[in-house]
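Asks: If you read the sequences in order, they're chains A and B.
With the numbering used here applied, the first sequence closes on residue 415, and no number is skipped along the way.
With the numbering used here applied, the second sequence closes on residue 180, and no number is skipped along the way.
Glycine included, each C-beta is placed from N, C-alpha and C at the ideal position.
The structure displayed is predicted, hence computed values, not measured ones.
Please see the structure below; I have some questions.
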Amino acid sequence: MIVRRPCEVPPDKRDAIRRAVHLEWWTLGSLTTIAVAMYLTMGSSQAMKTAWVEDLLSMVPPILFLVSIRVHDERPSARFPYGKRRIVMIAFLGAALALLALGGYLLLDALVKLAMREHPTIGTKVVFGHQVWLGWLMIAALAYSIVPPAVLGRLKKRPAESLHEKTLRADADMNKADWMTAAAAIAGVLGVGAGFWWADAVAAALISADIVWDGVKNTRSAVEDLIDRRPTKVDSAERDPIYDRLRELLLGLDWVRDADLRLRDEGHVVAGEAYVVPTDERDLLARLARAESALRDADWRVCDVAVVPMGAEAFAARRQREPDEAGGERS
Amino acid sequence: MRPRPPSSFLGFALGALLLAAAGCHPFPKDPESSLEKARRRGALRVGVSEAPPWVIRDGDEARGVEPALVRSFADSLGLAVEWRWGSVEEHAAALEELGLDVVAAGMTEGNPWTRKIGATRPYYEERAVRGAGGRRGARRHVLAVPPGENALLVRLERHLEARRSDVEPYLRRRERAP
Chain A
85 MIVRRPCEVP PDKRDAIRRA VHLEWWTLGS LTTIAVAMYL TMGSSQAMKT
135 AWVEDLLSMV PPILFLVSIR VHDERPSARF PYGKRRIVMI AFLGAALALL
185 ALGGYLLLDA LVKLAMREHP TIGTKVVFGH QVWLGWLMIA ALAYSIVPPA
235 VLGRLKKRPA ESLHEKTLRA DADMNKADWM TAAAAIAGVL GVGAGFWWAD
285 AVAAALISAD IVWDGVKNTR SAVEDLIDRR PTKVDSAERD PIYDRLRELL
335 LGLDWVRDAD LRLRDEGHVV AGEAYVVPTD ERDLLARLAR AESALRDADW
385 RVCDVAVVPM GAEAFAARRQ REPDEAGGER S
Chain B
3 MRPRPPSSFL GFALGALLLA AAGCHPFPKD PESSLEKARR RGALRVGVSE
53 APPWVIRDGD EARGVEPALV RSFADSLGLA VEWRWGSVEE HAAALEELGL
103 DVVAAGMTEG NPWTRKIGAT RPYYEERAVR GAGGRRGARR HVLAVPPGEN
153 ALLVRLERHL EARRSDVEPY LRRRERAP
């Protein structure tokens with residue numbers, strides 16, 4: 085078995101990974117404290133169960149990220165000749181499904197409450213000798229639970245971009261879902277206090293529809309990545325500019341008449357084949373090897389792109405372009 | 003990266019805040035105005051089920067720990083009390099349909115009805131296991147109001163909290179008497 089050459093991750097990206105790992109540990113820690121605060125204020129209510137399920141599901145993306153980051157850089161072996169890079173994509177799928185499940189659960193829960201005309205009962209609790217309406221305590225706990233995910237989610241976006249780390253990006257969406265649900269719940273508790281029994285459920289339903297939509301987008305993206313869609317940007321289905329850059333690089337070689345690539349995302353990195361139509365076959369082996377290392381040097385995310393020579397006819401026959409792609413045949 | 007302000011949500015949050023501020027005076031409010039209606043009626047409709055020593059039947063009158071608490075609660079509101087005898091199941095159903103204002107039936111926290119009704123916070127904790135039955139730990143005694151009638155609930159819970167210290171002596175007196 086010829087195993088893949090290990091991908092080299094540049095030092096600044098290693099730093100970004102370390103930062104992301106820290107962020108995810110902080111996320112897990114803060115989720116734990118939020119779960120405790122919720123537990124202490126919600127008593128025996130159904131709302132506590134919902135908050136608990138939400139917390140549990142929010143822990144899924146950070147855990148998946150931490151596991152995948154531990155495994156993904158293992159050296160390729162005879163048993164895993166491509167290495168284990170793709171675990172990152174599996175983690176992304178898991179995180180996306182957790183987000184979808186969270187949204188679905190919250191939406192269903194809210195709709196059932198509305199359909200059953202469930203009137204939320206919020207009594208009192210004695211804190212330091214004072215008997216307070218539990219609603220105020222819930223609002224305090226919810227306000228606290230807004231802060232960590234709002235901050236952490238924002239902090240995750242930059243390393244997610246720079247690492248091309250979609251699990252982290254999905255986790256940032258999860259954080260957004262968390263703090264928005266908490267904000268909605270505050271509005272809901274205030275509404276219930278003002279005498280509108282449906283306020284809590286309606287607020288939750290509005291937010292959970294948004295979460296479901298994020299979950300659908302992420303799950304769809306993760307599945308498409310696993311069926312080897314061409315590389316995309318971290319937060320959209322748009323073509324990753326790395327493709328155009330690599331093609332430009334190949335077209336710039338003086339012995340290349342035409343060139344194109346077939347690429348896929350493999351987590352952080354891209355892999356695939358580059359097809360070149362050479363002007364002549366002189367010194368071809370050395371030229372191909374040089375082209376391959378030029379591609380690798382162009383971007384840290386180029387992990388394993390084989391450069392394959394191809395006849396002009398076959399090249400033309402198999403080539404397909406996206407509508408927005410510039411440039412046809414090389415003149 | 004994704005400019006998508008959740009404007010529907012912000013609007014809702016603002017609206018809820020305004021509503022809360024507008025209706026701030028008695029906070030929380032009853033969605034179905036139970037307290038308000040009881041005041042207009044001049045009487046508290048109380049479902050009672052026999053559960054000595056918590057609720058004791060004496061003809062159509064009710065005695066025991068819970069009726070005493072409920073009566074003093076009604077007094078504090080200037081209301082008369084209408085006792086309605088029946089099973090806990092009947093009372094739970096009546097609460098849901100707002101046919102009763104309070105139920106006193108010797109219930110404890112975590113009883114099968116608490117999800118359907120508005121249970122108060124415990125007004126008394128029985129520390130030792132009273133009687134057999136193998137149930138360990140404290141039995142926390144509660145009353146109930148219609149689900150989600152939070153103004154009535156908060157009012158009742160404040161009263162129960164104020165009378166918390168009356169329960170223990172009452173029970174001891176009863177144990178000594180035959």
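1. My assumption, with CB atoms under 8 Å, is that tryptophan 281(A) sits in contact with proline 204(A). Please give the rounded CB distance.
2. Which stretch, first to last residue, makes up the alpha helix (DSSP H) that contains lysine 241(A)?
3. Quick one: complete alpha helix (DSSP H) runs, 4+ long, within the segment 66-142 of chain B?
4. Under 8 Å, Cβ to Cβ, is there at least one residue of chain A near glycine 136(B)?
5. Check isoleucine 311(A) in the structure and name its three-state DSSP category.
6. Please list, in chain order, all residues of the same chain as leucine 115(A) whose beta carbon is under 6 Å from its beta carbon, the five residues on each side excluded.
7. Identify whether alanine 278(A) lies in helix, strand or coil by the three-state DSSP scheme.
8. Using only alpha-carbon positions, find the residue among Val48(B), Ala153(B), Pro124(B), Pro55(B) that is nearest to tyrosine 172(B).
9. Glycine 277(A) and proline 30(B): beta carbons closer than 8 Å?
10. Hey, quick one: how far does the beta strand (DSSP E) through alanine 45(B) stretch, first residue to last?
11. So tryptophan 136(A) contacts chain B; which residues on that side make the cut at Cβ distance below 8 Å?
12. Are at least three pairs of beta-carbons, each pair with one atom in the segment 300-310 of chain A and one in the segment 229-243 of chain A, less than 8 Å apart?
13. Which residue spans inside the segment 289-371 of chain A form an unbroken alpha helix (DSSP H) run of at least 4?
14. Classify glutamate 409(A) as helix, strand or coil using the three-state DSSP reduction.
15. Consult DSSP for histidine 214(A) and reduce its assignment to one of helix, strand or coil.
16. In the DSSP assignment, find the unbroken beta strand (DSSP E) run with alanine 390(A) in it and report its ends.
17. Who are the Cβ neighbours of histidine 156(A) in its own chain at under 7 Å, not counting the five residues just before and after it?
18. Drop a sphere of 10 angstroms on the beta-carbon of arginine 47(B), count the other beta-carbons inside from all chains shown, and report buried for 16 or more, exposed for fewer.
19. Consider the Cβ of isoleucine 206(A): report whether some Cβ of chain B lies at a distance smaller than 8 Å.
20. Give the single residue among Trp263(A), Arg331(A), Tyr189(A) whose Cα lies nearest to the Cα of glycine 237(A).
21. Pull out every residue of the segment 28-49 of chain B whose Cβ sits closer than 7 Å to any Cβ of chain A, in chain order.
22. Is the beta carbon of valine 93(A) less than 8 Å from the beta carbon of isoleucine 153(A)?
23. Please state the DSSP three-state secondary structure of isoleucine 174(A).
24. Provide the residue(s) that pair with alanine 64(B) in DSSP beta bridges, ordered along the chain.
25. Starting from glutamate 68(B), find everything on chain A with Cβ-Cβ shorter than 9 Å and list it in chain order.
26. Let me make sure I understand the geometry here. Which of Thr363(A), Ala401(A), Ala285(A) has the alpha-carbon closest to that of leucine 191(A)?
27. Is alanine 278(A) close to chain B? Criterion is C-beta to C-beta, closer than 8 Å.
28. Closer than 8 Å is the cut-off here; do at least three beta carbon pairs connect the segment 31-47 of chain B with the segment 98-115 of chain B?
29. Taking Cβ-Cβ distances shorter than 8 Å, what residues in chain B pair up with lysine 240(A)?
30. Alpha carbon to alpha carbon, what distance is there between alanine 373(A) and methionine 85(A)?
31. Around the C-beta of valine 211(A), are 16 or more other C-beta atoms found within 10 angstroms, so that it is buried, or is it exposed?
32. Hey, how far is the Cα of glutamate 91(B) from the Cα of serine 51(B)?
33. How would you list, in chain order, the residues of chain B whose beta-carbon sits under 8 Å from the beta-carbon of glutamine 215(A)?
Replies: To lay it out plainly:
1. 6 Å
2. 218-247
3. 67-79, 90-98
4. Legend: pLDDT at glycine 136(B) = 48, less than 50; position of this residue unreliable, no value from coordinates given.
5. coil
6. These residues qualify, in order along the chain: Asp139, Ser142, Met143.
7. coil
8. Pro55(B)
9. yes
10. 45-50
11. Within chain B, no residue comes near tryptophan 136(A); the closest Cβ sits about 16 Å away, beyond 8 Å.
12. no
13. 325-335
14. coil
15. strand
16. Unbroken beta strand (DSSP E) run through alanine 390(A): 386-393.
17. Cβ within range, chain order: Lys168, Arg169, Ile171, Val172, Gly351.
18. buried
19. yes
20. Trp263(A)
21. For the segment 28-49 of chain B, the beta-carbon criterion of a distance under 7 Å to any beta-carbon of chain A is satisfied by Phe29, Pro30, Lys31, Asp32, Pro33.
22. no
23. helix
24. According to DSSP, alanine 64(B) bridges with Arg59(B).
25. Per Cβ cutoff of 9 Å: no residues; glutamate 68(B) is ~17 Å from chain A at best.
26. Ala285(A)
27. yes
28. yes
29. Neighbours of lysine 240(A) on chain B: none; closest Cβ ~12 Å, over 8 Å.
30. 20 Å
31. With fewer than 16 other Cβ atoms within 10 Å, it is exposed.
32. 10 Å
33. Glu159, Arg160, Glu163
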